[in-house]
Amino acid sequence: MGDSEAVAADSSTMMDYTSAAYNSNGSGAYSSEATADPTASGGDPNSACQEGQISAMYDSKPAGGSTDENALAVENTAADASKAAGSNYPLNGNVVSEAGNATTFENGNVFDNVGGVSSAPEFVDGSAPTLSGEEEHMWSIVRANSLDFNAWTTLIEETEKLAGNNIMKIRKVYDAFLAEFPLCYGYWKKYADHEAHIGSMDKVVEVYERAVQGVTYSVDIWVLYCAFSIETYGDPETIRRLFERGLTYVGTDYLSFPLWDKYIEYEYMHQEWSRLSSIYTRILENPNQQLDRYFNSFKELAGSRPLSELRTTEEAAANVSGAVLEVDGHVNEAEVHPDVAEQTPKPVTAGSTEAEELEKYVAIREELYQKSKELDSKIIGFETAIRRPYFHVRPLNVAELENWHNYLDFIEREGDLNKVVKLYERCLIACANYPEYWIRYVLCMEASGSMDLANNALLRATQVFVKRQPEIHLFAARFKEQNGDIEGAQAAYQLVHSEISPGLLEAIIKHANMEHRLWKLEDAFSLYEQAIAIEKGKEHSQTLLMLYAQYSRFSYLVCGNAKKAREILAGALDHVQLSKPFLEALIHFEAILPPPRQIDYLELLVDKFIAPNSNGSGADKEDLSSIFLEFLNLFGDVQSIKKAEDRHAKLFLPHRLMSELRKRHAEDFLSSDKTKLAKAYSGAPSPGQSLMGNYPNAQNQWPGGYGSQPQTWPPTTQAPTQAQPQAQPWNSGYNQQVDCTYIF
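Positions in the sequence shown are counted from 1; adding 114 to them yields the working numbering.
Given below as structure tokens:
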């Protein structure tokens with residue numbers, strides 16, 4: 115089948131996959147300074163595969179090739195591994211049990227992986243191997259922080275140094291490491307090498323099967339697997355099927371030339387000229403970094419062999435002088451896609467000489483080449499800007515991240531879902547640690563109607579690649595709610611509350627708002643109260659005052675209960691220290707509450723905060739005083755306004771005048787006489803005007819964007835009822851952990 119058909123077929127089985135199988139519940143973050151083995155997750159990929167010439171020699175390979183029975187055994191092992199993983203060669207090889215528990219297939223054996231990395235590996239008889247002191251130390255580190263890449267590589271090195279022929283130790287460390295970092299194709303290769311030397315050949319195949327399921331769209335891993343197959347087994351059809359399987363996923367990758375080279379090398383070794391010609395034809399259909407080289411190689415082949423050797427059996431039988439079967443405007447090679455042979459081919463002409471037929475044969479492929487070159491000219495800028503197409507724990511630079519977004523924009527505009535999926539999968543190898551690309555992928559697949567692909571991507575993101583980052587779980591919760599999976603949404607929020615980021619204000623607010631949408635107000639209130647109770651127990655909580663402010667506001671805007679809202683804020687004063695964010699929240703909230711407003715109460719709190727001997731920076735005090743002045747100008751009487759203005763002038767105006775005077779003096783000292791003369795006639799304010807301008811204008815003193823435009827206070831109409839919630843006018847100028855405007 116063609117690539118488009120392959121993607122469509124994959125989508126029907128993708129939900130068999132879940133990255134929960136890779137799940138390990140350690141904590142921590144990726145190390146930004148980790149340096150990996152170049153053949154593992156980073157470095158120069160060409161050090162691992164140069165033009166497809168990869169050595170895969172194993173001590174345990176059968177001498178002189180293998181029999182057909184051996185080749186069949188290999189295919190059976192691969193098929194069994196894939197079946198155990200949940201589908202017929204799905205995107206990745208994992209499964210969730212009926213009870214919903216995540217499991218991993220470790221060399222054919224299922225073990226529960228939800229609890230994270232176990233303390234010690236076990237042998238088949240249940241006994242535990244003896245670990246050195248260094249091994250014990252490194253295992254304790256990765257158990258505490260399963261995303262510490264440097265610790266993992268040190269543990270692997272230590273284990274390899276001490277394991278000897280103890281394959282169980284090797285399996286234990288690689289299984290655990292690759293559960294966290296499945297995109298490190300070089301470590302899959304090292305794992306397979308260990309199995310080849312001290313394990314068994316069927317285990318090597320099993321490791322490679324898990325590898326191509328874990329990093330399906332990696333050209334490198336397919337090159338390694340095919341190289342192993344060529345060096346180990348002798349059945350050509352088995353090897354060709356493996357090549358074709360890999361090319362289904364990565365054959366159109368711009369950097370797929372190492373795999374195509376390996377395939378060409380194999381067919382050239384067997385002098386299968388018609389197969390070689392078909393391979394070149396397929397390559398020329400898509401842009402490729404080595405496209406010019408492939409076209410020149412094809413012309414050399416066509417010039418060195420008779421046309422009868424270049425045509426496939428099907429082409430010769432159909433007398434298709436173009437050597438390409440064209441169905442519905444799409445070029446397909448008959449040998450590789452036999453289903454196309456059943457269609458009616460379009461013959462070019464009859465009765466032509468062999469020279470003419472050969473000329474037409476080459477011309478058709480040159481036309482493919484030219485079309486691919488045209489597309490290549492459109493994407494070459496994006497491709498050359500990709501400096502790191504492989505996975506690494508080190509962050510990508512901003513320019514490369516932006517390039518991926520621009521490249522995805524371009525391909526999405528082209529409208530070919532198959533190409534869109536392939537590029538997203540390529541992108542998510544290099545950008546696996548960035549939630550925004552996973553979110554974009556999910557939304558793109560949802561918009562295209564491919565919900566299986568959307569759900570599959572979301573599973574991989576939340577359970578493997580960015581599982582420690584709260585934003586992906588908050589997105590998952592909203593996505594599940596929008597698609598009717600309320601239990602899934604609640605579970606996503608609970609995961610953030612309990613494990614990912616306990617006390618995260620954004621998660622609490624969004625979860626409470628969802629419960630409100632479900633008409634479960636008591637559950638929403640309970641979320642705030644539980645979070646406040648937990649934060650009270652912390653010595654220096656960073657979110658407690660914001661929780662009080664949000665809970666108070668939620669109570670009023672949802673239920674219209676002004677009394678309860680004020681009680682919540684009043685109670686907060688016993689547990690939080692006066693600060694600018696909290697007092698600003700009080701002022702804003704009092705502005706939206708119905709009269710009578712507690713102006714005297716606010717006056718006492720503001721006076722206490724801005725007093726010279728109180729805690730707080732001078733800038734915060736001046737900002738808050740300005741905010742309170744603006745509030746009084748809207749809701750206070752003339753006496754309260756005068757009192758606040760006098761206090762503001764006394765505390766802050768002298769400092770402002772001195773600061774402005776020093777600044778102006780420095781500017782005058784540095785400016786030239788010519789500049790001074792120009793300033794004198796440029797409409798600059800007179801000293802009197804400057805003095806007036808120095809009096810702080812309350813509107814221009816608002817932090818957090820308040821000064822960019824006049825502040826519009828919300829109407830003071832009657833509070834909304836529960837049945838008719840209104841839009842919530844809230845311009846948050848006290849954002850610490852979360853932008854409340856975004857949340858609501």
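Every residue, glycine too, gets a C-beta built ideally from N, C-alpha and C.
On a CA-only basis, which of the options is nearest residue i? Give me that one, please.
i, options, result
"P296", "A310, K283 and W266", "W266"
"K533", "E550, I493, A676 and M565", "I493"
"D751", "D721, Q712 and A733", "Q712"
"L424", "I622, M252 and E386", "E386"
"T330", "L361, E471, E488 and A686", "L361"
"L609", "A684, A590 and S491", "A590"
"E480", "C558, R354, I397 and F766", "I397"
"S739", "L542, G730, H308 and H762", "H762"
"S728", "Q691, D760 and G598", "Q691"
"L716", "A676, G730, K677 and A758", "A758"
"E471", "V507, E429, G602 and L748", "E429"
"S370", "F409, S332, N259 and R389", "S332"
"K594", "V720, A568, P584 and R389", "A568"
"V507", "I525, K474, A469 and N547", "N547"
"E381", "R355, E399 and L261", "R355"
"P420", "R407, Y475, M383 and E379", "Y475"
"E345", "M383, V364, Y363 and T366", "M383"
"E249", "E560, K275, Y538 and I353", "K275"
What is the DSSP secondary structure of residue i, counted as helix, strand or coil?
i, result
"N520", "helix"
"T366", "coil"
"W266", "helix"
"E351", "helix"
"S392", "helix"
"E386", "coil"
"L641", "helix"
"V512", "helix"
"G230", "Summary for G230: the model assigns pLDDT 40, below 50, so the residue's position carries little reliability; its value from the coordinates is reported in the next sentence. Correct three-state label for G230: coil."
"A546", "coil"
"T330", "coil"
"I500", "coil"
"V580", "coil"
"A798", "Interpretation of A798 is limited by its pLDDT of 43, a score under 50 that renders its predicted location unreliable; no figure is taken from the coordinates."
"T427", "helix"
"W633", "coil"
"Q712", "coil"
"C298", "coil"
"F696", "helix"
"P616", "coil"
"L707", "coil"
"N597", "coil"
"A199", "Low confidence applies here, because A199 scores a pLDDT of 36, under 50, leaving its location unreliable; read the following figure in that light. Reduced to three states, the DSSP call for A199 is helix."
"S530", "The sequence given here has Asp at residue 530, not Ser. Looking at D530 - three-state DSSP - the assignment turns out to be coil, as it is neither helix nor strand."
"P372", "helix"
With a CB to CB cut of under 7 Å and the five nearest residues on each side skipped, what residues in its chain are close to residue i?
i, result
"T745", "Here the sequence assigns Phe to residue 745, which means Thr is not the residue at that position. I701 and A705, listed in sequence order."
"Y377", "F357 and I393"
"I335", "Y299, W302, A325, V326 and V329"
"K650", "L658 and H689"
"V287", "L269, I270 and T273"
"Y368", "P401, N402, Q403 and E497"
"F409", "L398 and Y483"
Can you name, in chain order, every residue of its own chain whose Cβ lies under 8 Å from the Cβ of residue i, other than the five neighbours on each side?
i, result
"I648", "P616 and G617"
"L515", "C545 and Y548"
"S669", "F639, N675, K678, A679 and I682"
"K624", "L588, A591, R592, Y607 and I857"
"F703", "A663, S666, R667, Y670, A679 and L683"
Skipping 5 residues on each side, what residues in its chain have a beta carbon closer than 6 Å to that of residue i?
i, result
"A575", "W552 and I586"
"R389", "E381"
"Q583", "P549"
With a cut-off of 7 Å, does the C-beta of residue i fall near any C-beta of chain B?
i, result
"T395", "Given the protein chain composition of this structure (a single chain), no chain B is represented."
Does the contact criterion of 3 or more C-beta pairs under 8 Å hold for the segment 625-640 versus the segment 648-662? The segment 625-640 is not in contact with the segment 648-662.
Between the segment 490-509 and the segment 407-425, are three or more C-beta pairs nearer than 8 Å? Judged by pairs of C-beta atoms under 8 Å, the segment 490-509 does not touch the segment 407-425, as fewer than three such pairs exist.
Meets three-Cβ-pair contact criterion under 8 Å: the segment 522-533 and the segment 319-330: No, the segment 522-533 is not in contact with the segment 319-330.
Quick test of the definition: if touching needs 3 or more C-beta pairs under 8 Å, does the segment 612-632 touch the segment 570-579? Three or more Cβ pairs closer than 8 Å define a contact, and the segment 612-632 falls short of that threshold against the segment 570-579.
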